[in-house]
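Numbering-wise, our numbering puts 113 at position 72 of the sequence shown, and it's gapless, one number per residue. What follows is a set of notes on a single structure, which appears directly below.
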Amino acid sequence: LYRDGHNVTLSHIEGLSFKDPDIIIGPLPFSKDDKTINAPFHIEKIPIEMVFERINKDQLLMAGNIKEDHKKKAKDYGIDFIDYFGREELQVLNAIPTAEGALKLAIENSAITLHDSNVLILGFGRIGKVLAKMLYGIGANVYVAARKTEDIAWINALSYRAVRLNQLDEYMDNMDFVFNTVPSLILNKERLERLHRKALVIDLASKPGGVDFKWAEELGINTIHALGLPGKVAPVTAARIIKDTIYNILEERGI
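Here's what the structure looks like:
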């Protein structure tokens, strides 16, 4: 932002003041404990309430993945805010480093190649679409499970192997890798028992995920809940995606 010619101010808790800026940019996620700002490099906790008390009504707060109760509290304070994590362009572009990070984890945690392996992707949303394309490009046998008929049609049109969710059990025992993108329990006890024990399961869904992790551990199945991959595997790209999204918001608002 500074290199693009903007006046950028960084503030620590002792001198927390928002008198000058027109825009206040918060982190992604906005909070991890529902009480304080997500600021892992700051020694002291920064209460959300303290931040809200210092924001003026003519200023704009932008942060990512703001919980509903925090949005309500911001409205109570009369704060103009935008959750940039809800923007479609950010979600789509974030799917790229997420998918690359998933491939990285698969390669590092398996003794076989993804090429010519049987790979099952659960869900055909943003991440599922990008991940399927990458896996197909390196020669994996890509199976994609989805519920919607239009998704099944697209999966077939793109030359992947479509699996209807109500037929999922029939495919489990033949998979080397399973990538889940569905944020609800889909890999339950019964389905995990059908997987062979050398299969690798990577859950990309937000907490609590879509895997019965406790049962997977009892079965000896290697399972990874891979959260926040963009910031971990490609932090510069992740930051650029947020920056570009912020610019899009400002342009739309005429700022």
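The C-beta atom is built at its ideal place from N, Cα and C for all residues, glycine as well.
- It is roughly 9 Å from the alpha-carbon of Asn79 to the alpha-carbon of Lys86.
- Contact holds between the segment 108–126 and the segment 87–100, because three or more Cβ pairs, one in each stretch, are under 8 Å apart.
- Bounds of the alpha helix (DSSP H) holding Tyr177 are 167–178.
- Between Leu163 and Leu228, the gap from beta carbon to beta carbon is short of 9 Å.
- Taking C-alpha positions only, Val274 is separated from Gly142 by approximately 6 Å.
- Distance between Pro81 and Gly272, taken at the CA atoms: about 13 Å.
- Using a Cβ distance threshold of 9 Å, Gly180 and Asp157 count as a contacting pair.
- Counting along the chain, the unbroken alpha helix (DSSP H) around Asn289 starts and ends at 276–293.
- Every unbroken stretch of the beta strand (DSSP E) spanning 3 or more residues and falling wholly within the segment 51–107 is given here in chain order: 64–66, 101–104.
- Residue nearest to Asn97 within the set Phe71, Ile65, Gly105, Thr50 is Ile65 (criterion: CA-CA distance).
- Taking the Cβ atoms as the reference, Val160 lies roughly 7 Å from Asp217, within the contact range of under 8 Å.
- Secondary structure of His266 (DSSP, three-state): strand.
- The beta carbon of Val49 sits closer than 7 Å to the beta carbons of Leu42, Tyr43 from its chain, once the five residues preceding and following it are set aside; these are given in chain order.
- Separation of Asp75 and Ala198 (C-alpha to C-alpha, rounded to the nearest whole angstrom) is 43 Å.
- A direct Cα-Cα distance of roughly 11 Å separates Asn106 from Gln132.
- The C-beta of His237 has fewer than 16 other C-beta atoms within 10 Å across all chains shown, which makes the residue exposed.
- Around the CB of Ser72, 16 or more other CB atoms lie within 10 Å, so the residue is classed as buried.
- The continuous stretches of alpha helix (DSSP H) do not include Val49, and DSSP gives it neither H nor E.
- In the three-state reduction of the DSSP assignment, Leu42 falls in the coil class, being assigned neither a helical nor a strand state.
- Around Ile168, the same chain offers Ala136, Thr139, Ala140, Thr222, Leu245 as residues with beta carbons nearer than 7 Å, after the five sequence neighbours per side are excluded.
- Look at Ala152 here: in three-state DSSP terms it is coil, with no helix or strand label.
- By the neighbour-count criterion, in which a residue is buried when 16 or more other Cβ atoms sit within 10 angstroms of its Cβ, Ala280 is exposed.
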